[in-house]
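**Q** Residues in the sequence shown are numbered consecutively from -17, following the working numbering.
For glycine and all other residues, C-beta sits at the position ideal for the given N, C-alpha and C.
Source: prediction; values computed, not measured.
My questions all concern the structure below.
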Amino acid sequence: MAGRFIVVDGVDGAGKSTQIERLSAALTARGERVHVTCEPSGWPIGQLIRRYLRGDLKDGVPGWSSMALLFAADRMQHVEHEIEPHLAAGEVVLCDRYDASSIAYQSAIAPDGADRDALMRWIATVNEPARRPDLVLLLDLDPNVAAARRSQRGGEAELYEKLDLQRRIRAQYEKLGALRPNDRIVRIDASRSIDLIHEEILAVTTEALGLNR
Ligand SMILES: Nc1ncnc2c1ncn2[C@@H]1O[C@H](COP(=O)(O)OP(=O)(O)OP(=O)(O)O)[C@@H](O)[C@H]1O
Ligand SMILES: [Mg+2]
-17 MAGRFIVVDG
-7 VDGAGKSTQI
3 ERLSAALTAR
13 GERVHVTCEP
23 SGWPIGQLIR
33 RYLRGDLKDG
43 VPGWSSMALL
53 FAADRMQHVE
63 HEIEPHLAAG
73 EVVLCDRYDA
83 SSIAYQSAIA
93 PDGADRDALM
103 RWIATVNEPA
113 RRPDLVLLLD
123 LDPNVAAARR
133 SQRGGEAELY
143 EKLDLQRRIR
153 AQYEKLGALR
163 PNDRIVRIDA
173 SRSIDLIHEE
183 ILAVTTEALG
193 LNR
């Protein structure tokens, strides 16, 4: 049987990694073979993007448009060499961020005065060749709460982690449904406890994908 492709997306610190770990364990316990991956990917273009996000590479830091194209290129490579082969093997692929992140982040970092809705449409078009997910779980969280969670977690701040920017990114995520009407996008209230969010995500996933049959 063909595999299932599930994306978990949302602002920095919304709980994506936490929930993917829980979902992966729960699906594995139900007998599914699960492959967990993320974007930027571990492939060469993804590694380049990570160096820019961490600030390790300061030479020619890409602006919103070249970053959008780098992310799209990483995505196509990731799909071709990792996501599709695992799906073809019948596995459930859980991906931490996908084109929803590109659409929300790169349109949000464009300069003031930009037509962000037009930019979202352009980024969506650029990403059209990338395989569509079977389910997108959008973890929605107030950026203030997300920032507090990130500071508790520790670690270095990355390129896009400023509060006003995170607010704009959240607003862009809210418009995704209209932009991708054929995708199954489910908004998850990520302000609750890890256990409650996990229960809802597991219920939505098993129901939407018929995984528990
Ligand atoms: N529902 C929750 N309630 C309280 N704290 C949480 C919740 N979910 C995750 N956390 C904590 O918040 C921090 C951020 O969570 P996590 O790393 O899973 O977010 P993320 O979306 O993967 O972040 P990033 O975008 O930076 O990768 C972690 O310390 C995690 O333990
Ligand atoms: Mg994470």
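Ordered along the chain, which non-local residues of its own chain (more than five positions away) have a Cβ less than 7 Å from that of residue 49?
**A** The answer, listed in chain order, is 88.
**Q** Looking at the strands, I want to know which residues DSSP matches up with residue 198.
**A** Here the chain comprises residues numbered -17 to 195, so residue 198 is not present and cannot be evaluated.
**Q** Is residue -4 near ligand 1, in the sense that its beta carbon is under 6 Å from a heavy atom of that ligand?
**A** Indeed, a heavy atom of ligand 1 lies less than 6 Å from the Cβ.
**Q** Tell me, please, whether the region -9 to 9 touches the region 135 to 143 by the rule of three or more beta-carbon pairs shorter than 8 Å.
**A** Verdict: yes, contact present.
**Q** Taking the beta strand (DSSP E) that residue -8 falls in, what are its first and last residues?
**A** -14 to -8 is the span of the beta strand (DSSP E), which, as asked, contains residue -8.
**Q** Helix, strand or coil for residue 141? Go by DSSP, reduced to three states.
**A** Residue state, collapsed to three classes: coil.
**Q** Is there contact between the region 116 to 135 and the region 148 to 155, where contact requires at least three CB pairs shorter than 8 Å?
**A** With the cut-off at 8 Å, the region 116 to 135 and the region 148 to 155 touch.
**Q** Say yes only if the C-beta of residue 84 is nearer than 6 Å to one or more non-hydrogen atoms of ligand 2, and no if none qualify.
**A** No.
**Q** Heavy atom of ligand 2 less than 6 Å from the Cβ of residue 175, yes or no?
**A** Outside the cutoff, so no.
**Q** Can you confirm whether the region 65 to 79 touches the region 168 to 184 when touching is taken to mean that 3 or more C-beta pairs between the two stretches lie within less than 8 Å?
**A** Because the criterion of three Cβ pairs below 8 Å is not met, the region 168 to 184 and the region 65 to 79 do not touch.
**Q** Should residue 23 be counted as a contact of ligand 1 given a C-beta to heavy atom distance under 6 Å?
**A** Not under cutoff, so the answer is no.
**Q** If you pair each beta-carbon of the region 22 to 40 with each one of the region 54 to 65, do three or more pairs fall below 8 Å?
**A** With the cut-off at 8 Å, the region 22 to 40 and the region 54 to 65 touch.
**Q** Rounded to whole angstroms, what's the CA-CA distance from residue 76 to residue 114? Just pull it up for me.
**A** Spanning the two alpha carbons is a distance of roughly 13 Å.
**Q** Look up residue 78 in the DSSP assignment and say whether it is helix, strand or coil.
**A** Residue 78 falls in the strand class under three-state DSSP.
**Q** Grouping DSSP H, G and I as helix and E and B as strand, with all else coil, what is residue 16?
**A** Three-state result, residue 16: strand.
**Q** Under the three-state reduction of DSSP, which class applies to residue 159: helix, strand or coil?
**A** Three-state DSSP puts residue 159 in a helix.
**Q** Could you say which of 109, 128, 180 and 177 lies nearest to residue 52 if we only look at CA atoms?
**A** The candidate whose alpha carbon is nearest that of residue 52 is 109.
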